[in-house]
Structure formats: C-alpha cells, structure tokens
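J.: For reference, the structure I am asking about is given below.
Shown next, in the form of structure tokens:
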C-alpha cells in the first residue's frame with residue numbers, strides 16, 4: 025500500500041508540475057523551476073567562455089525534462105509495484121518486483137513497448153493504457169513547450185536587434201517597439217525558462233539586454249515591472265532582477 029500511495033502522490037505531483045509549467049504558465053510554484061535555477065547556478069560556477077553561454081539554455085531544459093520523465097516513470101512504476109503480481113516477467117511469469125515494474129512503466133510511457141515484462145491481467149493491462157496515454161501527453165506537450173520557449177528567446181533577441189535602430193525618440197517607438205516589448209513580457213511570464221538562455225554575443229543576452237536598452241524609458245520601464253517575479257519598476261530594481269539571470273554578474 026505504501027508503494028501505491030507513494031507512486032500515486034509522485035505521479036500526481038509531477039503531472040501537476042508538468043501541466044502547469046507547459047500550459048498553465050505558472051512554473052515558479054513547482055520543482056521544475058527550482059531545478060532550472062539549480063542547473064543555472066552550476067553554470068555560473070564554470071569558467072566563462074562561448075560554450076557555457078551556448079549550452080546553458082538547452083541543458084537547463086534537458087534537466088527539467090529529465091525530472092518530468094523520471095518522476096512520472098518512477099511514479100507509475102511504484103503504482104504497478106503496489107499491486108502484488110501486477111507486472112510479471114514475460115517468459116517465466118514470475119513477479120517482476122519493483123525494478124521490473126519501473127522498467128515496465130518506462131516502456132509504456134515511451135509508447136514503444138518491447139520490454140521483458142507484461143501485465144498479469146486485463147485490469148492491469150488497462151492501467152497500462154492509462155500510463156501509455158500519460159506518456160503521449162507528456163511527449164506532445166513537451167515538444168510544444170520547447171518550441172514556445174525557443175520562440176520566446178528568438179523574439180526577445182529580435183526585439184533587442186530592433187532596439188538598435190529604433191529609439192525612444194523615433195516615431196515607431198510607441199507603434200512598433202513598445203507593443204513588441206509588451207508581447208515579449210507576456211511570453212516570458214508564460215515561458216520564463218527562456219530567461220535561462222544566454223548567447224556568446226553579450227548584446228543578445230535577453231535579461232541583460234532588456235534592462236540595458238529599455239530601463240531608461242519610462243513607458244518601457246512600467247511594462248517591465250510585469251516581468252516574471254514582478255521586479256520593482258525602477259532602473260535599480262530591474263538591474264537587481266537581471267542579476268539573477270546572468271551567468272557572469274559582470275559580463276552578463
């Protein structure tokens with residue numbers, strides 16, 4: 025019973041983390057965002073160089089994805105292990121045990137099958153279908169989430185480039201730049217993992233760039249007060265906010 029309850033609790037929590045992060049837009053309340061911050065903190069300890077700035081974003085996302093996959097896989101494995109004899113070895117019919125149950129859940133979640141275990145009855149086979157559907161949902165939404173995050177990064181870098189040629193005194197500032205800034209801020213609130221991406225070119229590092237090129241304008245600064253974690257809408261407040269997303273506090 026303990027295995028069953030532990031597995032159910034872990035599965036529900038990881039699924040909630042996954043769903044609210046990928047489509048709910050509230051990742052900071054769950055473990056996934058803390059994992060992202062932890063990986064980012066490790067990268068801050070590494071020697072500076074182009075490779076560090078290139079690798080940090082993809083590896084942060086990979087660590088979060090690993091947490092989701094491993095958490096859901098172990099959770100479902102414990103659920104199967106909580107039922108005596110639910111998963112058996114295909115050739116011998118012997119109880120697969122906890123490790124066998126976790127392996128069985130992993131094959132179901134991957135939707136490829138091919139494991140050395142099988143369900144011992146139609147009822148447990150149906151439970152396996154639920155597990156497999158869970159895997160399909162995770163796969164589908166994960167792809168969408170990664171695309172959304174990388175698109176937000178691209179949009180942010182594009183805005184930084186646009187800011188180089190259009191300033192607060194230009195006619196297109198309020199008609200073109202500020203609307204794009206407000207859209208980017210909304211995207212960052214939905215996909216804040218984009219803030220963990222960096223770039224070898226300091227001018228294309230999103231948190232640093234946003235503060236350096238927009239914090240001096242009153243209207244832009246008011247919008248930036250709605251960035252993730254609600255920084256104080258002052259130049260000093262925004263600089264403090266950007267520091268937590270800089271690999272190197274001095275260089276960005």
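Residue numbers (the numbering used here): 25 to 276. By construction, the Cβ of each residue, glycine as well, lies at the ideal position given by its N, Cα and C atoms.
Given a threshold of 16 other Cβ atoms within 10 Å of its Cβ, counted over all protein chains shown, does residue 216 qualify as buried or as exposed?
T.: Residue numbering aside, residue 216 sits at position 192 when the chain shown is read from its first letter. It is buried - the Cβ of residue 216 has at least 16 other Cβ atoms within 10 Å.
J.: Run through DSSP, which three-state label would residue 108 get?
T.: Here residue 108 refers to the residue found at position 84 when the chain shown is read from its first residue. DSSP places residue 108 in coil when its eight states are reduced to three.
J.: Round the Cβ separation of residue 31 and residue 102 to the nearest angstrom and send it over; I've been treating them as touching at under 8 Å.
T.: As a first step, residue 31 must be located in the chain shown, where it is residue number 7. As a first step, residue 102 must be located in the chain shown, where it is residue number 78. So it is a contact: roughly 3 Å between Cβ atoms.
J.: Which same chain residues end up closer than 6 Å to residue 221 when comparing Cβ atoms and leaving out the 5 residues on each side of it in sequence?
T.: Taking the first residue of the chain shown as position 1, residue 221 is located at position 197. Result list for residue 221: 81, 177, in chain order.
J.: Can you give me the Cβ contacts of residue 245 inside the same chain, cut-off strictly under 8 Å, excluding the 5 residues immediately before and after it?
T.: By one-based count along the chain shown, residue 245 stands at place 221. Only 238, 239, 257, 258, 259, 262 meet the Cβ criterion.
J.: Three-state secondary structure (DSSP) at residue 65?
T.: Here the question's residue 65 lines up with position 41 in the chain shown. The answer is helix: DSSP assigns residue 65 an H, G or I state.
J.: Per DSSP, residue 143 forms a beta bridge with which residues?
T.: In the chain shown, the residue the question calls residue 143 occupies position 119. Residue 143 is bridged to 111.
J.: Evaluate residue 211 with the Cβ neighbour count: other Cβ atoms within 10 Å of its Cβ, from every protein chain shown; 16 or more gives buried, anything less gives exposed.
T.: By 1-based counting over the chain shown, the position of residue 211 is 187. With 16 or more Cβ atoms within 10 Å of its Cβ, residue 211 is classed as buried.
J.: Rounded to whole angstroms, what is the Cα-Cα separation between residue 218 and residue 92?
T.: By one-based count along the chain shown, residue 218 stands at place 194. By one-based count along the chain shown, residue 92 stands at place 68. In a straight line, the C-alpha of residue 218 is about 18 Å away from that of residue 92.
J.: Taking residue 25 as the reference, which of 65, 86, 108, 60 has the closest Cα?
T.: For the purposes of this step, residue 25 is taken as the residue at position 1 of the chain shown. Comparing Cα-Cα distances from residue 25 to each of 65, 86, 108, 60, the minimum goes to 108.
J.: Counting pairs of beta carbons, one from the stretch 126-135 and one from the stretch 151-171, are three or more of them closer than 8 Å?
T.: Because the criterion of three Cβ pairs below 8 Å is met, the stretch 126-135 and the stretch 151-171 touch.
J.: Considering Cα atoms alone, identify which of 243, 84, 96, 112 is closest to residue 269.
T.: Numbered from its first residue, the chain shown carries residue 269 at position 245. Of 243, 84, 96, 112, the residue nearest in Cα terms is 84.
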